[in-house]
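Chemist: Just so we're aligned, residue 1 is where the sequence shown starts under the UniProt record's numbering, counting upward by one. Before we start, here is the structure in question, set down as structure tokens.
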Amino acid sequence: MPHQLDLRELRRTVEREIDEYVYDVPKGAYGNPWSPEKVERELRTFREALVDPYWIEVVDDVKTRRSCAVVADDKKSYLLVFEPEDQKFMLVTKSRLSSELTSFGVDGDAVGCFLSR
1 MPHQLDLREL RRTVEREIDE YVYDVPKGAY GNPWSPEKVE RELRTFREAL
51 VDPYWIEVVD DVKTRRSCAV VADDKKSYLL VFEPEDQKFM LVTKSRLSSE
101 LTSFGVDGDA VGCFLSR
């Protein structure tokens, strides 16, 4: 059951992921790699966006409602949530047509999701 998740520990886990993050550009990657300054700036933005986790309902990629824990809010367009059933983070956005929060296919680790916004 998702609500048995320790939300304080979830936040500590995300904080550790940020602290331990190492930016690595895979061989053969397209585009221009980020500078070390940009990586540090984005990680700082992520730290500032962290919230005390709380539960919300999210519509996932296959239109299923899921109970997720919000861990970060960029105060612009995106929330980073943790989906406990699949043990993954997802980037979600508010629907323009309703108040629903919707996933749009960006999921995985906390830092990778947040930095992809």
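No residue lacks a Cβ here, since even glycine has one placed at the ideal position from N, Cα and C.
Provide the residue span of the alpha helix (DSSP H) that contains R66, from first to last.
Modeler: Along the sequence shown, one-based indexing puts residue 66 at 66. That residue, R66, is in no alpha helix (DSSP H); its beta strand (DSSP E) goes R65 to D73.
Chemist: If I'm right that S103 touches D60 with Cβ under 8 Å, what's the distance once you round it to whole angstroms?
Modeler: Position 103 of the sequence shown, counted from the start, is the residue given in the question as residue 103. Position 60 of the sequence shown, counted from the start, is the residue given in the question as residue 60. Their Cβ separation, rounded to whole angstroms, is 5 Å, which keeps S103 and D60 in contact under 8 Å.
Chemist: Need the endpoints of the beta strand (DSSP E) that E42 sits in, please.
Modeler: As a position in the sequence shown, residue 42 is number 42, starting the count at 1. Premise fails: E42 lies in the alpha helix (DSSP H), P36 to A49, not in any beta strand (DSSP E).
Chemist: Based on the DSSP output, what are the partners of Y78 in its beta bridges?
Modeler: Indexing the sequence shown from 1 puts residue 78 at position 78. Y78 is bridged to T93.
Chemist: From the DSSP secondary-structure annotation, give me the bridge partner or partners of L101.
Modeler: On the sequence shown, residue 101 is found 101 positions in, with the first residue counted as 1. Beta-bridge pairing links L101 to K94.
Chemist: Assuming A110 is part of the alpha helix (DSSP H), what are its boundary residues?
Modeler: Numbered from 1 along the sequence shown, position 110 holds the residue referred to as residue 110. Per DSSP, A110 belongs to the alpha helix (DSSP H) from A110 to L115.
Chemist: Touching or not, the segment 23-37 and the segment 49-67, by the rule of three or more beta carbon pairs under 8 Å?
Modeler: no
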